[in-house]
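In order, the protein sequences belong to chains A and B.
Here my numbering runs 18 ahead of the position in the first sequence, where the first position is 1.
Here my numbering runs 333 ahead of the position in the second sequence, where the first position is 1.
Working notes, beginning with the structure itself.
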Amino acid sequence: MVAAVFFPGLITMGLYLILAVWAERKLAAKVQWRYGPLYVSEKLGGVLQTVADLLKLAFSELVVPSYTNRALFAALPAVVFFVEALPLLFIPGGPGLVMIPSGYGLLYVVAIILISTPAVVAMAWAEADKFTFIGLLRELLLEAAYEVPLVLSLLAMALVYGTDLSTYAQGLPGIAVNPVAFFVYLVATAMATSRFPFEIPDADAEIVLGPYTEYGSSLFLLAYGSNYVKLYAMALLGALVFLGGWAPLAGIAGIAVYILKASALTAFWLLLRAVYPRMRIDQALRLGWRELLFLSAAAVGVSALWRLW
Amino acid sequence: MVGAIAFLVLLAAGLALLYAVPKLFAPRAKTKPKELRFEAGNPPYGRLRRRMVIQYIRYVLAAASFEALASLALVAYSTAQQDLVTPLALTAVVAGVMAAVGGDVWSHD
Chain A
19 MVAAVFFPGL ITMGLYLILA VWAERKLAAK VQWRYGPLYV SEKLGGVLQT
69 VADLLKLAFS ELVVPSYTNR ALFAALPAVV FFVEALPLLF IPGGPGLVMI
119 PSGYGLLYVV AIILISTPAV VAMAWAEADK FTFIGLLREL LLEAAYEVPL
169 VLSLLAMALV YGTDLSTYAQ GLPGIAVNPV AFFVYLVATA MATSRFPFEI
219 PDADAEIVLG PYTEYGSSLF LLAYGSNYVK LYAMALLGAL VFLGGWAPLA
269 GIAGIAVYIL KASALTAFWL LLRAVYPRMR IDQALRLGWR ELLFLSAAAV
319 GVSALWRLW
Chain B
334 MVGAIAFLVL LAAGLALLYA VPKLFAPRAK TKPKELRFEA GNPPYGRLRR
384 RMVIQYIRYV LAAASFEALA SLALVAYSTA QQDLVTPLAL TAVVAGVMAA
434 VGGDVWSHD
């Protein structure tokens, strides 16, 4: 129950959504010599601005247009949000702190991460707009670029640690065993969560907001927030698989360590917004199927050598 | 399992609340432009869903086939007494074919 409600469950996920959006804006502002959000709660560095934005959106008029399938239009943002949150069922927050303990936890997480893209594509299709259509094509193509390297990088770690996620916090952290797999995971996750320089499906300077264009009010909250839920799940998974999760501590201190590691990974992915220009889809595809794929195959080789040694 | 059910139920309740709040409390001012699809300030025109750009289809095909191989390797490793042969063989197939494809892509750049 603690895992469901507190960590890695709902309360931490909600706080993460608020803080990640604020941190993204603040980090980009720092790099660009701006203040960033400061209008609400100036003394707290504007951290409550996201809460204000959230409330404002939730109390905005809910428009469900008549030109498309209204039921699908309204339901799919919640479906996407729900699917993006499902990996949390299998990711442990500490020793014994997992909602569904399973020897195949890593497999379930990978499968859920990969089926979330069809949900986003369905949502964009139901919106029935030229910009959402271009966005869904880009989303599909981007998944074609990252999914094989992502699976191979996690396969590399499974060769050493197995597929039971609770064993990853024992012994050497994954980054020391296989730094190549860690690098591939970093880049593939940036692609999977549309971080810069792979913010291609929802490139706001080109196609309004891609798959999120038609949504407003709480539907926009759900649709856009789902991306940060995925980032949360990927940050937790990365912190556990590559950085040792809660190790070397246990209990509440271990949870704090785990959150710190996931936050460090998140900060890296968020900072990319401020330091990279956006790639074109063909550049991302080529990167995924050349450098990234070869690196991920090499990562599997490194793990095999580690096992044999 | 109780935790998982609690998580799913609470999450669903939270999502339902996000639907209920604007439905109950937000002002309603239905106008025709709000009902139209977004066209960057223009009236809707032309076909909505065009043909997919075929130039990237090779990547989609490659992903569809090799993702299955990579996932198969992961499943095979976890279910077959953790032997190394299957995942390594499958990864070698992926890497080998992609080396050929990658070389081809490089040669055309």
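Where is the CB? At the ideal position from N, CA and C, for every residue including glycine.
When Cβ pairs closer than 8 Å are counted between the two stretches, the stretch 168 to 179 of chain A is seen not to touch the stretch 133 to 143 of chain A, the count staying below three.
Each of A/T30, A/L305, A/V116, A/S78 was checked against the Cα of B/A362, and the nearest Cα belongs to A/S78. Between A/S212 and A/I218, the alpha-carbon positions lie close to 7 Å from each other. Counting along the chain, A/W40 sits inside the alpha helix (DSSP H) bounded by residues 28 to 49. Annotation for A/Y179: the continuous alpha helix (DSSP H) segment containing it runs 148 to 179. A residue is called buried once 16 or more other Cβ atoms fall within 10 Å of its Cβ, and A/M252 is buried on that count. Check the Cα spacing between A/L107 and each of A/F100, A/M117, A/V293: the tightest is with A/M117. Excluding sequence positions up to five before and after A/E309, its CB lies less than 7 Å from no other CB in the same chain. Interface with chain A (8 Å Cβ-Cβ cutoff): B/G336 is included. Bounds of the alpha helix (DSSP H) holding A/T68 are 67 to 76.
Secondary structure note for A/V198: its alpha helix (DSSP H) is the uninterrupted segment 197 to 210.
Contact of A/L90 with chain B is not assigned, every C-beta pair being separated by 8 Å or more. For A/A187, there is no enclosing alpha helix (DSSP H), as DSSP marks it with neither H nor E. For A/L311, the enclosing alpha helix (DSSP H) begins and ends at 311 to 326.
Between A/L290 and A/L154, the alpha-carbon positions lie close to 23 Å from each other.
A/G121 places its beta carbon 8 Å or farther from that of A/T207. Sorting A/L255, A/T150, A/S314, A/S321 by C-alpha distance to the C-alpha of A/P105 places A/L255 at the top. Neighbourhood of B/P376 in chain A, by CB distance below 8 Å: empty, with the nearest CB roughly 12 Å away. Interface criterion met: the Cβ of B/T424 is under 8 Å from a Cβ in chain A.
In this structure, A/F200 and A/G192 form a Cβ contact; the two beta carbons are roughly 7 Å apart against a cut-off of 8 Å. Bounds of any alpha helix (DSSP H) do not take in A/P215, whose DSSP letter is neither H nor E. For A/M141, the uninterrupted alpha helix (DSSP H) segment begins and ends at 123 to 145. Cα atoms of A/G243 and A/I36: separation of roughly 9 Å, rounded to the nearest angstrom. Below the 7 Å Cβ cutoff, chain A contributes A76, F77, S236 as neighbours of B/V354, in chain order. Rounded to whole angstroms, B/T419 and B/A409 show a C-alpha spacing of 7 Å.
Judged by DSSP in its simplified three-state form, A/D222 adopts helix. Contact of A/T181 with chain B by beta-carbon distance below 7 Å involves S411. With respect to A/I109, A/V127 sits close: the two C-beta atoms are nearer than 8 Å. When secondary structure is reduced to three states using DSSP, A/F24 falls in the coil class, being assigned neither helix nor strand.
Your pair A/W40 and A/V58 does not check out as a contact, with CB atoms roughly 10 Å apart and the cut at 8 Å.
With fewer than 16 other CB atoms across the displayed protein chains lying within 10 angstroms of its CB, B/Q388 is exposed. When the alpha-carbon of A/S321 is set against those of A/P95, A/M175, A/R296, the nearest one is in A/M175. Shown here for A/G27: same chain residues with a beta carbon closer than 6 Å to its own, the five before and five after excluded, namely A21 in chain order.
Taking C-beta atoms under 8 Å as the contact rule, A/P113 and A/A268 qualify, at a distance of about 6 Å. Within 10 angstroms of the beta-carbon of A/V81 lie 16 or more other beta-carbons, which makes it buried.
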